[in-house]
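Each residue of the sequence shown is one higher than the one before, starting from 1335 at the first, in my numbering. Before any comments, here is the structure.
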Amino acid sequence: APDGTKTILKTKNILVATGGRAFVPDVPGKEHCDTSDEGLVYEETPKVMCIVGGGYIAVEFAGIYAGFGTEVHVVCRRDLPLRGFDEECRKLVLSNLEKRGVKMHMNSSPVSVEKREGGGLGVTVSTPEGGNVVIECDKCMFATGRKPNVENLGLENVNVELGPNKAIKVNNILQTSCPSIWALGDVIDRIQLTPVALMEGMALTQTMQGNPKEPDYKYVPSAVFCQPPLATVGISEEEAIETHVGEIDVFVEGFRPMRNTLSGRDERALMKLIVDAATGKVLGAHMVGPDSPEIMQGIAVAIKAGATKAAFDSTVGIHPSSAEEFVTMRTLTRRVKCKGAAKM
């Protein structure tokens, strides 16, 4: 307690759901930098901002502050943002960010951060050519991932096993190495999404009621709220090539949304389906474009239920809408041979 007193609580089971926290790498001058926690509560909008990272948080905050009129620089160590998403979608997100004025420093990494005497920061960044450049900015935000919150919980006192990244290790029903302690959410570092933690909680509720239930991580939809957003469910083309057996059919449709045509904004949308060539089962759906999270939530239900490409093709579209493209993609873009050794 705040006054120093201690209370001992006794219980049959303990659930650890302490989430995660922003991780800042050990870069000289990191104490001058912020994370997404501070980025939500700035008293003034920075004129120039440097964001280090290439994942969800980096891309989303880049869009937010660019929308405020801030000159945004994103420093990403890879050639594309959003590792793990479908590559065609990643390329389009990069293009759309640049068209909105975000300055993307790809294949680059932070070297150091210095506080300027007159205010502001100087962020030294390595370049793909082997040199360094300095980005002068008002704020520097590190969006370089999150780490599980496991400190000061006393887990070592009860021999709760942790993984290499300090995430709590659990079995298939979310039980730790200490049988009376359970864990879920970001602290177990499976899929760091709030709805996934809710799903895990519902599964654990059944387990606690005597009906052991494993969390179901198959066909989990997700979205990146960049502008326009990216949404996805199922496997990407790259993942299918590496893990699937046989061949996949890939259907891709790119277009300029009507709202952009009318406004003159030079941004394109993309829709993509990954289909098992032998069975016609839809394995993945991906979209970059307006309202993609809303559209993908419905697509996720269909894919979870085992929908085939024929089922998509036989569904009547809603016109005029972007969503109708998912049920009017008739032309095969490419057929690709996969490398997998076992059926998914």
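In this text, a Cβ means the ideal position worked out from N, Cα and C, and glycines have one as well.
{"Asked": "The stretch 1600-1614 touching the stretch 1655-1673, judged by at least three CB pairs closer than 8 angstroms", "Found": "yes"}
{"Asked": "Minimum length 4: unbroken alpha helix (DSSP H) runs contained in the stretch 1592-1632", "Found": "1592-1597"}
{"Asked": "Range covered by the beta strand (DSSP E) that runs through Ile1469", "Found": "Asn1466 to Cys1471"}
{"Asked": "Whole-angstrom C-beta distance between Val1361 and Ile1502, which should lie under 8 angstroms", "Found": "Going by Cβ atoms, the distance from Ile1502 to Val1361 rounds to 28 angstroms, so no, they are not a contact pair."}
{"Asked": "Which residues DSSP lists as bridging Glu1448, in chain order", "Found": "Gly1456"}
{"Asked": "Closest Cα partner of Glu1573 within the set Gly1618, Val1382 and Glu1628", "Found": "Gly1618"}
{"Asked": "Nearest to Thr1665 (by Cα), restricted to the options Val1586, Thr1613 and Asp1625", "Found": "Val1586"}
{"Asked": "For Met1536, the first and last residue of its enclosing beta strand (DSSP E)", "Found": "Per DSSP, Met1536 belongs to no beta strand (DSSP E); it is in the alpha helix (DSSP H), Thr1528 to Met1542."}
{"Asked": "Pairwise C-alpha distance: Lys1638 and Phe1646", "Found": "13 angstroms"}
{"Asked": "Contact set for Glu1548: own chain, Cβ-Cβ below 8 angstroms, skip 5 residues either direction", "Found": "Asn1506, Ile1507 and Ala1537"}
{"Asked": "Closest by C-alpha distance to Gly1418, when choosing among Tyr1390, Val1457, Val1468 and Thr1510", "Found": "Tyr1390"}
{"Asked": "From Thr1649, Val1386 and Pro1563, residue whose alpha carbon lies closest to that of Ser1460", "Found": "Val1386"}
{"Asked": "Identified DSSP bridge partners for Asp1413", "Found": "The partner list for Asp1413 (beta bridge, DSSP) is empty, contrary to what the question assumes."}
{"Asked": "The stretch 1445-1453 in contact with the stretch 1422-1437 per 3-pair CB rule at 8 angstroms", "Found": "no"}
{"Asked": "Three CB pairs or more closer than 8 angstroms across the stretch 1510-1520 and the stretch 1482-1493", "Found": "yes"}
{"Asked": "Alpha-carbon spacing of Lys1673 relative to Gly1614, whole angstroms", "Found": "18 angstroms"}
{"Asked": "Contact set for Tyr1553: own chain, Cβ-Cβ below 6 angstroms, skip 5 residues either direction", "Found": "Val1567, Gly1568, Ile1637 and Lys1638"}
{"Asked": "Simplified DSSP state of Gly1306, which is helix, strand or coil", "Found": "Residue 1306 falls outside the range modelled here, since the chain spans only 1335 to 1678, and no answer is possible."}
{"Asked": "Supposed contact pair Ser1442 and Arg1411 - C-beta distance, whole angstroms, cut 8 angstroms", "Found": "7 angstroms"}
{"Asked": "7 angstroms Cβ shell around Thr1478 - same chain, five flanking residues per side excluded", "Found": "Phe1357, Val1358, Pro1359, Val1386 and Gly1387"}
{"Asked": "Per-residue burial, Asp1371 [other beta carbons within 10 Å of its own, 16 or more giving buried]", "Found": "exposed"}
{"Asked": "Gly1435 versus Lys1340: straight-line alpha-carbon distance, rounded", "Found": "54 angstroms"}
{"Asked": "Limits of the beta strand (DSSP E) - the one that Lys1437 falls within", "Found": "Lys1437 to His1439"}
{"Asked": "Residue closest to Lys1364, alpha-carbon to alpha-carbon, out of Gly1453, Lys1473, Met1542 and Gly1465", "Found": "Lys1473"}
{"Asked": "Helix, strand or coil at Ala1645 [DSSP, three-state]", "Found": "helix"}
{"Asked": "Member of Gly1497, Glu1576, Val1409 and Lys1433 whose CA lies at the smallest distance from the CA of Thr1458", "Found": "Val1409"}
{"Asked": "Asn1545 burial status per 10 Å Cβ neighbour count (16 or more: buried)", "Found": "exposed"}
{"Asked": "Residues that DSSP places opposite His1407 in a beta bridge", "Found": "Cys1384 and Lys1437"}
{"Asked": "Own chain, CB closer than 8 angstroms to Asn1466, minus 5 neighbours either side, in chain order", "Found": "Val1445, Thr1458, Val1459 and Ser1460"}
{"Asked": "Alpha-carbon spacing of His1366 relative to Gly1456, whole angstroms", "Found": "10 angstroms"}
{"Asked": "Three-state secondary structure (DSSP) of Ala1400", "Found": "helix"}
{"Asked": "Residues near Met1678 in its chain [Cβ-Cβ closer than 7 angstroms; skip 5 each side]", "Found": "Residue confidence is low: Met1678 scores 47 on pLDDT, short of 50, so the model does not pin down where it sits. Its coordinate-derived value is still stated next. Answer for Met1678: Thr1577 and His1578, listed in chain order."}
{"Asked": "Where Ile1652 sits in the DSSP three-state scheme", "Found": "coil"}
{"Asked": "Under 7 angstroms between C-beta atoms of Val1406 and Val1558", "Found": "no"}
{"Asked": "Beta-carbon proximity list for Gly1462, same chain, < 8 angstroms, skipping 5 on both sides", "Found": "The residue you asked about is not Gly; residue 1462 is Pro in the sequence shown. If we look at Pro1462 and ignore the five residues flanking it on each side, its Cβ neighbours are Met1440, Asn1441 and Ser1442."}
{"Asked": "Pro1482 vs Gly1354 beta-carbon contact at 7 angstroms", "Found": "yes"}
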